[in-house]
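Okay, so here's the structure we're looking at.
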Amino acid sequence: MRIKVEKMNSRGQGIGRIDGLVTFVDGALPGEEVEAEVVLRKRDYAVARAVSISSPNSERRNPVCPHFGSCGGCQLQHASYDYQLSLKAELAADALRRIGGFSSPQINPCIPSPKSIGYRNKASFPIRKQGGQGTIGLFREGSHRVVPVTSCPAVEDLIQRIFSHFRSLMSESELPAYDERSHLGLLRHLVVRVGSFTGEALVALVVAKEPDADERAKLKAIVEAMACAFPSLRGFVLNVNRNEGNFIWGSKNRTLVGKDELAEHLDDFSFTFSAASFFQVNSYQALDLYRFVASELGGAGGGRVLELYSGVGSLTAFLAKGTEEVTAVEEDADAVRYMRDNMARNGLCNVRALCGRAEDTVHLWHDWAPQTVVLDPPRSGCHPKVIAGLVSVEPRKIIYVSCNAATLARDAAGLCERGYAVTCVQPFDMFPQTAHVECVAVFSRHL
1415 MRIKVEKMNS RGQGIGRIDG LVTFVDGALP GEEVEAEVVL RKRDYAVARA VSISSPNSER
1475 RNPVCPHFGS CGGCQLQHAS YDYQLSLKAE LAADALRRIG GFSSPQINPC IPSPKSIGYR
1535 NKASFPIRKQ GGQGTIGLFR EGSHRVVPVT SCPAVEDLIQ RIFSHFRSLM SESELPAYDE
1595 RSHLGLLRHL VVRVGSFTGE ALVALVVAKE PDADERAKLK AIVEAMACAF PSLRGFVLNV
1655 NRNEGNFIWG SKNRTLVGKD ELAEHLDDFS FTFSAASFFQ VNSYQALDLY RFVASELGGA
1715 GGGRVLELYS GVGSLTAFLA KGTEEVTAVE EDADAVRYMR DNMARNGLCN VRALCGRAED
1775 TVHLWHDWAP QTVVLDPPRS GCHPKVIAGL VSVEPRKIIY VSCNAATLAR DAAGLCERGY
1835 AVTCVQPFDM FPQTAHVECV AVFSRHL
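Just so we're aligned, residue 1415 is where the sequence shown starts under the working numbering, counting upward by one.
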């Protein structure tokens, strides 16, 4: 079936129509005519797979990864990097039009990542029992089927080498992989984090239960072999997750060698955090984004800043350097502990850290009287109480960092309906080769 692809959605699928029915086409780029096979048909839409490209986009490229199309990690390796940037800026503009109701949103060109491959400082590799044997790799798009990848061009080279070495050791050890149906087996996930600017590595192995004596001996042999092979390995952590859900982490950690934290440098700042902490996966681009956000504080006169969803304080440090005071709110107690340590390590005495959900601290904001609010919420965006609180406290400027253009558009509409105007939307390519786009939106209050 022939389809003319008109544009791209936030999952990297081409969008066209079959007899008027909206159809999402895997593997197709805007402007292409493709022969497609329908794999799913619903009342309101269909999903198809591109079988052949009769009229290819001039920006189409050969993917650099042999697993592209089967692994769910990347969606845009078949597009040139410059074209990826233009597609991401359009995704942000489209979300603001469709969801936010902005008739002609002004979007700056997407800022490229300093590295378009080999940029990821973190990777989580699921381990599952498939076909009677343990398989480690990455999940297929939209499934829990593990694709047994041998390499991943998106990750830092040190992660790739650690993954490859562990893969061999796991196979030799014959430790049982986790079976999602029976909930039996031991190995669930290998999580590897590295400091892009420090060269350190931290490994966490997530297991489904406490290992028995034989399993402990095999794990010890793996850990010792890893520590010997990688002198930059700062620590190896065992995490026990007995839950049957999809969340990677369990509540119990045990450090098997070294320390249970990793160090990273951004500009003149030094940070430490755990294997489970939130930290931007692209340190190179995070540095540019944080510099940009800090530069937007200039109009606040170096006054009081309220930061919401502050994590371990990586952005907080950049804010604190040029302001009178930062009140940083974060709901995860471990992240708050790291944030306080990180502020002390960097000699930043003008940060007040508060543990709590952003929506539960709204009643305190008037007392703090922030002149600028900086927020970096999760993909779900802000709780309605947060939007209402921002409007009530009337900061002169709001700087919203978003990893989801759809929820940014929704929240932007709420702010602009209540006295704010968008003065800048700056996309950053935090996740090259994928359809994800990070945006910084700046809002000013009408006087």
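The beta-carbon is built from N, C-alpha and C at its ideal position, and this holds for glycine as well.
Boundaries of the alpha helix (DSSP H) in which residue i is found, first to last residue
i: Ser1587; result: 1571-1587
i: Glu1629; result: 1627-1643
i: Leu1768; result: Where Leu1768 is concerned, there is no enclosing alpha helix (DSSP H), although the beta strand (DSSP E) it sits in stretches over 1765-1769.
i: Thr1848; result: Taken as a continuous stretch (DSSP letters only), Thr1848 belongs to no alpha helix (DSSP H), as it is neither H nor E.
i: Lys1529; result: Lys1529 -> no alpha helix (DSSP H), and no H or E assigned at all.
i: Ser1728; result: 1728-1735
i: Val1750; result: 1747-1759
i: Arg1824; result: 1819-1830
Alpha carbon of residue i to alpha carbon of residue j, nearest angstrom
i: Pro1528; j: Leu1490; result: 17 Å
i: Ala1631; j: Val1617; result: 18 Å
i: Cys1524; j: Leu1499; result: 6 Å
i: Val1839; j: Val1805; result: 19 Å
i: Ala1690; j: Val1448; result: 42 Å
i: Glu1831; j: His1860; result: 11 Å
i: Gly1803; j: Gly1487; result: 36 Å
i: Cys1763; j: Ala1731; result: 10 Å
i: Leu1768; j: Leu1720; result: 11 Å
i: Glu1594; j: Leu1619; result: 17 Å
i: Pro1526; j: Arg1705; result: 15 Å
i: Ala1827; j: Val1788; result: 17 Å
i: Ser1610; j: Asp1774; result: 35 Å
i: Arg1668; j: His1597; result: 22 Å
i: Gly1599; j: Pro1562; result: 18 Å
i: Gly1712; j: Lys1735; result: 12 Å
i: Ala1677; j: Val1419; result: 45 Å
i: Asp1746; j: Trp1663; result: 14 Å
i: Ala1627; j: Leu1633; result: 10 Å
i: Thr1437; j: Leu1443; result: 13 Å
i: Glu1739; j: Trp1782; result: 10 Å
i: Asp1755; j: Ala1749; result: 10 Å
i: Thr1549; j: Cys1479; result: 19 Å
i: Phe1693; j: Ile1812; result: 22 Å
i: Ser1816; j: Glu1629; result: 42 Å
i: Phe1516; j: Leu1829; result: 12 Å
i: Arg1810; j: Thr1786; result: 6 Å
i: Ser1538; j: Leu1722; result: 27 Å
i: Gly1428; j: Lys1502; result: 13 Å
i: Ser1518; j: Gly1659; result: 42 Å
i: Asn1653; j: Ser1530; result: 31 Å
Residue i, buried or exposed, once every other Cβ within 10 Å from all chains shown has been counted against 16
i: Gln1520; result: exposed
i: His1481; result: buried
i: Gln1547; result: exposed
i: Ser1728; result: buried
i: Gly1434; result: exposed
i: Ala1714; result: Because the pLDDT at Ala1714 is just 49, under 50, the model does not fix this residue reliably, and the point stays unresolved.
i: Asp1790; result: buried
i: Arg1648; result: buried
i: Asp1571; result: exposed
i: Arg1581; result: buried
i: Phe1577; result: buried
i: Pro1846; result: buried
i: Thr1741; result: buried
i: Asn1657; result: exposed
i: Ala1643; result: exposed
i: Phe1687; result: buried
i: Thr1564; result: exposed
i: Lys1666; result: exposed
Under 7 Å between C-beta atoms of residue i and residue j
i: Ala1568; j: Arg1602; result: no
i: Ala1493; j: Glu1473; result: yes
i: Arg1607; j: Ser1684; result: no
i: Pro1841; j: Val1856; result: no
i: Val1439; j: Ala1462; result: yes
i: Asn1862; j: Gly1445; result: Coverage of the chain is limited to positions 1415 through 1861, which leaves residue 1862 absent and any answer about it impossible.
i: Ala1507; j: Cys1853; result: no
i: Ala1591; j: Ile1541; result: yes
i: Ala1835; j: Ser1858; result: yes
i: Ala1819; j: Gly1426; result: no
i: Val1776; j: Tyr1752; result: no
i: His1780; j: Val1800; result: no
i: Val1671; j: Phe1650; result: yes
i: Leu1583; j: Ala1509; result: no
Terminal residues of the beta strand (DSSP E) in which residue i lies
i: Arg1431; result: 1428-1432
i: Val1800; result: Taken as a continuous stretch (DSSP letters only), Val1800 belongs to no beta strand (DSSP E), being part of the alpha helix (DSSP H) at 1798-1807.
i: Val1836; result: 1834-1842
Which runs of the beta strand (DSSP E) at least 3 residues long sit entirely within the region 1437-1494? Give them in chain order. 1447-1455, 1459-1469
Minimum length 3: unbroken beta strand (DSSP E) runs contained in the region 1660-1698: 1666-1672, 1675-1680, 1683-1688
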